[in-house]
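Participant: Below you'll find the structure I mean.
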Amino acid sequence: MSDERYQQRQQKVKDRVDARVAQAQEERGIIIVFTGNGKGKTTAAFGTAARAVGHGKSVGVVQFIKGTWPNGERNLLEPHGVEFQVMATGFTWETQNREADTAACMAVWQHGKRMLADPLLDMVVLDELTYMVAYDYLPLEEVISALNARPWSPDGDYYRSRLSPGYS
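The sequence shown: position 97 = 97 (the UniProt record's numbering), numbered continuously.
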């Protein structure tokens, strides 16, 4: 293929891509749920949060299930203004106290609702949220209500868990 033919072909590709990008300029909020067995869900959510912070966006994080131990995502992002609220009870299979776990979940969920209602936050990460719903610590209807009330940001919101409702 000649250089001229190659340039013509690539120009057609560029024109198609440019047209699609021009049509996709609607700004709207999105919800992304990362699911699956194994590693990568928190990494995906916090990678996106780090990218948002790098672009000057504001991010809030609620970590359900996590304990009081230091973690890399908090060490990296908190110095850059990311607010972290952590359930701080540790893993539910370690605590084995449904009443205490439910109370801790509801307490940290208040911060999650506050963050979701805050129009100044461009992104909210609710790490392990779906476990709280699956274990009946947090009513699904309350989560849906808070999500529906969110003043949407074009940058979106991220939730990650191995167990999403309807996921098996």
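Idealized CB from N, CA, C, for every residue including glycine. Remember, it's a predicted structure, so these values are computed and weren't measured experimentally.
1. Could you work out which residue in Ile65, Thr42 and Leu126 is closest to glycine 72 when comparing CA atoms only?
2. Any contact of the stretch 11-21 with the stretch 29-44, i.e. 3+ C-beta pairs under 8 Å?
3. DSSP on leucine 140, reduced to helix/strand/coil?
4. Kindly indicate which residue of Asn97, Phe91 and Val108 has the alpha-carbon position closest to the one of serine 83.
5. Is the stretch 49-68 in contact with the stretch 118-133, if contact means three or more CB pairs nearer than 8 Å?
6. Jot down the residue ranges of each uninterrupted beta strand (DSSP E) in the stretch 23-71, minimum 3 residues, whole runs only, in chain order.
7. Helix, strand or coil for valine 17 per DSSP?
8. Using the three-state DSSP reduction, which class does leucine 126 fall into: helix, strand or coil?
9. Can valine 59 and methionine 123 be called in contact, C-beta distance under 8 Å?
10. One question on the structure: do serine 105 and leucine 138 come within less than 8 Å of each other, judged by their Cβ atoms?
11. Can you list, in chain order, the residues of its chain whose CB lies under 7 Å from that of glycine 90, leaving out five sequence neighbours each side?
12. Report yes if the C-beta distance between arginine 150 and leucine 116 is below 8 Å; otherwise report no.
13. Can you tell me whether glutamine 11 is helix, strand or coil according to DSSP?
Facilitator: Quick answer:
1. Thr42
2. no
3. helix
4. The sequence given here places glutamate at residue 83; serine does not occur at that position. If we check each option's Cα against that of glutamate 83, Val108 comes out closest.
5. yes
6. 31-34 and 59-63
7. helix
8. strand
9. yes
10. Reading the sequence as shown, one finds cysteine at residue 105 and not serine. Yes.
11. Gly67
12. yes
13. helix
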